[in-house]
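Accompanying notes for the structure given below.
Residue numbers (the UniProt record's numbering), protein chains in the order written: chain A, 1 to 415; chain B, 1 to 415.
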């Protein structure tokens with residue numbers, strides 16, 4: 001079963017926004033067993049949209065279209081699709097009521113252009129957009145499915161999750177598809193592949209293994225298709241456990257979640273608290289952690305000690321340590337982590353100090369040199385990393401490395 | 001002059017990575033006066049790539065292709081393009097030397113598959129890829145320009161900036177194009193448009209004004225085309241100054257840089273120092289600031305005081321304040337900001353405390369309630385914001401609001 005995604009709107013073509021919708025949609029479609037053949041971004045131009053529809057209809061069974069549904073006259077997706085399918089328009093009462101309700105709630109005057117949002121091609125099924133005024137439209141024509149959705153990410157995501165994906169599964173009677181993700185860290189892709197090569201080779205044809213690497217973490221995803229979902233799930237679990245047993249020391253969690261979220265879950269379960277002491281990562285680690293709701297049960301907070309002054313006053317790093325060994329040293333990150341534990345009163349603390357670049361490097365400590373420490377009641381673990389030249393990447397890689405080290409310490413703490 | 005972008009590779013189509021390349025390329029092309037007609041993401045499949053090339057060649061003058069240039073056998077862009085143009089292969093000595101040098105430097109054994117990276121279609125011009133082993137290839141065929149680049153973002157960006165964009169300008173003898181960006185904050189788009197409507201209406205046909213809104217900031221970009229670059233620049237400057245004079249109180253900087261970078265520049269010039277005291281933004285503001293090289297001349301650091309305990313111990317917020325008014329209150333953010341100034345010894349401090357969600361809201365303080373304070377020797381400015389329901393957006397909007405408030409204070413400080 002093949003799908004295509006067409007995104008409509010000049011914002012992408014002038015580079016004003018990055019199209020994050022397509023990747024998200026592609027991932028969700030893949031998870032229910034629909035392959036994406038092509039993603040096309042086209043302009044708000046009737047001929048161009050029509051050409052894109054024609055080509056996509058030739059190549060795919062499902063065509064998902066986002067954008068171009070606003071009330072202004074440059075948004076022409078709806079009119080173009082009606083013309084493409086040779087349909088007239090009808091005013092949809094439920095949509096009109098919904099739009100009216102939104103305008104009333106925000107106490108805004110409603111004009112004809114807003115009412116027009118309720119006009120839809122007469123051959124489509126309207127799907128209510130809970131989060132906006134532009135309705136979602138579902139067309140079944142010539143044996144293919146076309147869905148027009150708003151381009152605003154959270155409106156589209158809600159519609160996809162609640163309406164479109166379930167409806168696609170029902171309408172297309174898709175086979176059961178089961179996934180199981182194992183998140184690993186602290187191991188390279190080729191090394192990991194070698195470790196589990198025989199397990200991968202032994203997989204039956206209906207179960208596939210994918211390696212999804214990202215910044216020092218690798219997600220292993222087993223995906224299987226079949227008719228009996230429960231049996232398939234049990235079968236995949238057998239292979240998953242073979243893998244987990246084989247590479248136990250690298251497994252973070254048997255779930256498709258972020259590394260820091262997995263750590264938060266582990267620490268929450270064990271009623272452990274965490275603080276951070278960041279220099280070169282400048283708050284990046286704290287921000288990764290606090291993006292997750294509920295993190296406050298584990299994360300007390302931390303310090304961004306960019307200046308040496310703050311390393312001393314907030315974390316209690318000794319002036320001698322900074323003078324003799326420098327801010328980027330094993331001794332300094334050790335004292336930073338211990339200072340965080342002492343001052344922030346947490347069970348664990350991670351600290352990072354390094355040269356993110358592009359300036360500040362020396363011959364003995366070039367740009368990319370980063371020291372990381374993890375402190376707990378068991379003591380302080382430290383490690384030196386040598387990353388590359390690019391600031392943003394050095395910050396991201398330092399953050400992931402610090403979290404991986406913390407995870408390692410948490411594992412040893414149990415053993 | 002029209003361009004198309006074709007990205008090749010399954011990673012985008014399975015949703016493993018977000019295609020950030022296309023938006024970046026589109027923006028750069030627009031800046032030199034080349035419009036992007038379509039962006040297509042296609043799979044590593046010869047027929048599919050060929051079809052995409054054919055269609056793009058019909059619609060556009062310049063076709064930029066990224067991805068599919070790795071050494072493994074699923075990367076088939078090079079072979080497919082050679083076949084598309086009916087070309088044979090030659091081994092490019094300079095590329096071979098470059099690849100050999102890279103393998104020698106990293107002390108890695110080189111096998112035939114690596115040497116093959118130096119094989120290129122015999123009708124193309126090879127452009128050296130300084131940052132990787134896959135060469136960039138430039139084809140001029142049937143009056144059109146085709147460029148094949150690696151998909152790794154920093155390799156592509158370097159090639160575009162150093163080689164492709166200058167070469168396109170030379171080859172196509174593009175007219176001079178001049179841009180001038182004015183960054184504004186603390187004003188809505190429609191209000192801004194109303195304020196400068198007459199200036200916009202008075203622009204000559206060869207100068208256009210674009211509104212580029214992003215999270216509480218709006219960039220105004222004047223773009224003009226002409227034959228005399230110096231005259232054009234002077235002409236655009238006249239209109240830019242009309243705008244700046246009209247909306248002076250909202251102008252952050254007359255340049256296309258980030259809000260926080262503009263603030264850092266202003267503070268650096270005035271030798272002012274800054275610290276942060278973040279609760280609900282959880283390090284997000286510190287991280288925004290520290291992504292900019294050289295920020296240490298202004299930014300001393302800060303605290304992420306997620307727990308009340310840390311608000312008291314690190315920032316000196318009084319227990320009574322937290323008890324009586326709560327963590328999300330004017331009184332608390334005031335004490336947080338003053339505590340940051342006192343403990344971190346900076347001229348300015350910003351503090352944020354709010355309910356990011358999805359949990360933690362109450363009737364009187366629903367999710368999205370955020371208090372922000374900016375402290376300086378002039379005192380403390382505070383403001384209450386009511387954002388929405390979504391955590392990530394509440395964090396981002398709080399950060400931008402805090403920076404905008406800081407900017408306001410900096411402006412008043414001079415006046």
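Built from N, CA and C at the ideal position, the CB exists for glycine as well.
Given 8 Å as the limit, is there contact between the segment 213-232 of chain B and the segment 145-152 of chain B, that is, 3 or more CB pairs closer than that? Cβ pair count under 8 Å is below three, so no.
Buried or exposed (CB count within 10 angstroms, at least 16 for buried), residue 202(A): As a working note, residue 202(A) is residue 202 in the first chain. By the neighbour-count rule (16 or more Cβ atoms within 10 Å), residue 202(A) is not buried but exposed.
Residues of the segment 292-306 of chain B whose Cβ lies closer than 8 Å to any Cβ of chain A, in chain order: 293, 294, 295, 296, 299, 300, 301, 302, 303, 304, 305, 306
Cα-Cα separation between residue 120(B) and residue 1(B), rounded to whole angstroms: Counting from 1 along the second chain, the entry for residue 120(B) is found at position 120. Counting from 1 along the second chain, the entry for residue 1(B) is found at position 1. Approximately 28 Å, taken between the alpha carbons.
Can you find the residues in the same chain that come closer than 7 Å, C-beta to C-beta, to residue 175(A), ignoring five residues on each side of it along the sequence? Within the first chain, the letter at position 175 stands for residue 175(A). Beyond the five residues adjoining it in sequence on each side, residue 175(A) comes within less than 7 Å, by CB distance, of 33, 225, 226, 227 in the same chain, given in chain order.
Does any CB atom of chain A fall closer than 9 Å to the CB of residue 329(B)? Numbered from its first residue, the second chain carries residue 329(B) at position 329. Chain A contact via Cβ: absent.
Beta-carbon separation of residue 327(A) and residue 343(A) under 9 Å? As a first step, residue 327(A) is located in the first chain; it is residue number 327 there, counting from the start. As a first step, residue 343(A) is located in the first chain; it is residue number 343 there, counting from the start. Against a cut-off of 9 Å, the Cβ pair of residue 343(A) and residue 327(A) comes out as no contact.
Proximal chain B residues relative to residue 290(A), where beta-carbon distance stays under 7 Å: On the first chain, position 290 is the one that residue 290(A) refers to. Neighbours of residue 290(A) across chain B, judged by C-beta separation under 7 Å: 282, 283, 306.
Throw me the rounded Cβ distance for the residue 7(A) and residue 41(A) pair, which I believe falls under 8 Å. In the first chain, residue 7(A) corresponds to position 7, counting from 1. In the first chain, residue 41(A) corresponds to position 41, counting from 1. Indeed they touch by this definition, with Cβ atoms about 5 Å apart.
Does chain A have any CB closer than 9 Å to the CB of residue 28(B)? Indexing the second chain from 1 puts residue 28(B) at position 28. At least one chain A Cβ lies under 9 Å of residue 28(B).
To which residues of the same chain is residue 219(B) closer than 6 Å at the C-beta, ignoring the five residues directly before and after it? On the second chain, residue 219(B) is found 219 positions in, with the first residue counted as 1. If we look at residue 219(B) and ignore the five residues flanking it on each side, its Cβ neighbours are 181, 183, 212.
Output, in sequence order along the chain, the residues in the segment 3-24 of chain B whose CB is closer than 8 Å to any CB in chain A. Cβ contacts with chain A: 12, 13, 14, 15, 16, 17, 18, 19, 20, 22, 23, 24.
Does the beta carbon of residue 278(A) sit closer than 9 Å to a beta carbon anywhere in chain B? Indexing the first chain from 1 puts residue 278(A) at position 278. Interface residue, yes.
If you run the structure through DSSP and keep just helix, strand and coil, what is residue 417(B)? No statement about residue 417(B) is possible, as the shown extent of chain B runs from 1 to 415 and does not include it.
Neighbouring residues, chain A, relative to residue 39(B) (Cβ below 9 Å): By one-based count along the second chain, residue 39(B) stands at place 39. 7, 12, 13, 19, 39, 40, 41, 42, listed in chain order.
Straight-line gap, residue 130(A) to residue 178(A) (C-alpha atoms, nearest Å): Sequence index remark: in the first chain, residue 130(A) carries index 130 (1-based). Sequence index remark: in the first chain, residue 178(A) carries index 178 (1-based). For residue 130(A) and residue 178(A), the distance between alpha carbons rounds to 29 Å.
Where does residue 89(A) sit, in a helix, a strand or coil, going by DSSP? As a position in the first chain, residue 89(A) is number 89, starting the count at 1. Note: residue 89(A) maps to strand in three-state DSSP.
So which of 314(A), 124(A), 323(A), 261(A) has the shortest CA-CA distance to residue 297(A)? Reading the first chain from its first residue, position 297 is the one you call residue 297(A). Closest option to residue 297(A), Cα to Cα, is 261(A).
Per DSSP, which one or two residues make a beta bridge with residue 401(B)? By one-based count along the second chain, residue 401(B) stands at place 401. Bridge partners of residue 401(B): none, in fact.
For residue 50(B) and residue 84(B), the rounded distance between their alpha carbons: Here the question's residue 84(B) lines up with position 84 in the second chain. Here the question's residue 50(B) lines up with position 50 in the second chain. Cα to Cα, the separation comes out at about 7 Å.
Evaluate residue 92(B) with the Cβ neighbour count: other Cβ atoms within 10 Å of its Cβ, from every protein chain shown; 16 or more gives buried, anything less gives exposed. Locating residue 92(B) in the second chain gives position 92, where the first residue counts as 1. Buried, by the Cβ-count rule.
Tell me which same chain residues have a C-beta within less than 7 Å of the C-beta of residue 29(B), skipping the five on either side of it? Translated into positions along the second chain, residue 29(B) becomes position 29. The answer, listed in chain order, is 3, 36.
For the segment 388-403 of chain B against the segment 232-239 of chain B, do three or more pairs of beta-carbon atoms, one drawn from each stretch, fall closer than 8 Å, so that the two count as touching? no
Enumerate in chain order the residues of its own chain whose CB-to-CB distance from residue 367(B) is below 6 Å, with the five nearest sequence positions on each side excluded. Counting from 1 along the second chain, the entry for residue 367(B) is found at position 367. The residues are 355, 357, 361, 389.
What residues of chain B sit near residue 343(A), judged by a beta carbon separation below 8 Å? Here residue 343(A) refers to the residue found at position 343 of the first chain. The contacting residues are 313, 314.
Kindly list, in the order they appear in chain A, the residues whose Cβ is closer than 9 Å to that of residue 401(B). For this step, residue 401(B) is matched to residue 401 along the second chain. Neighbours of residue 401(B) on chain A: none; closest Cβ ~16 Å, over 9 Å.
Scan the segment 325-365 of chain B and note each continuous beta strand (DSSP E) run of 3 residues or more that stays entirely inside, going in chain order. 348-354
Listing by chain order, which chain A residues have their CB less than 7 Å from the CB of residue 392(B)? Here residue 392(B) is taken as the residue at index 392 of the second chain, counted from 1. Close partners of residue 392(B) in chain A (Cβ separation under 7 Å): 291.
Where does the unbroken beta strand (DSSP E) through residue 214(B) begin, and where does it stop? Counted from its first residue, the second chain places residue 214(B) at position 214. Residues 207-214.
Short of 9 Å Cβ to Cβ, which residues in the segment 50-62 of chain A face chain B? 51, 52, 55, 59
Does the distance from the CB of residue 132(A) to the CB of residue 21(A) come in under 9 Å? Position 132 of the first chain, counted from the start, is the residue given in the question as residue 132(A). Position 21 of the first chain, counted from the start, is the residue given in the question as residue 21(A). In this structure, residue 21(A) does not lie closer than 9 Å to residue 132(A) by Cβ.
Length of the line joining the Cα atoms of residue 313(A) and residue 253(B): Here residue 313(A) refers to the residue found at position 313 of the first chain. Here residue 253(B) refers to the residue found at position 253 of the second chain. Inter-residue distance for residue 313(A) and residue 253(B) is about 35 Å (C-alpha atoms, whole angstroms).
Leaving aside the five residues before and after residue 172(A) along the sequence, list all residues of the same chain whose C-beta is less than 7 Å from its C-beta, in chain order. In the first chain, the residue the question calls residue 172(A) occupies position 172. The residues are 1.
For chain A, is any of its Cβ atoms less than 9 Å away from the one on residue 357(B)? Within the second chain, the letter at position 357 stands for residue 357(B). At least one chain A Cβ lies under 9 Å of residue 357(B).
How is the beta strand (DSSP E) around residue 148(B) delimited, first residue to last? Here residue 148(B) refers to the residue found at position 148 when the second chain is read from its first residue. Residue 148(B) -> beta strand (DSSP E) spans 144-149.
N-terminal and C-terminal residue of the beta strand (DSSP E) that residue 117(B) is part of: As a first step, residue 117(B) is located in the second chain; it is residue number 117 there, counting from the start. Looking at the DSSP string, residue 117(B) is not in any beta strand (DSSP E), and its letter there is neither H nor E.
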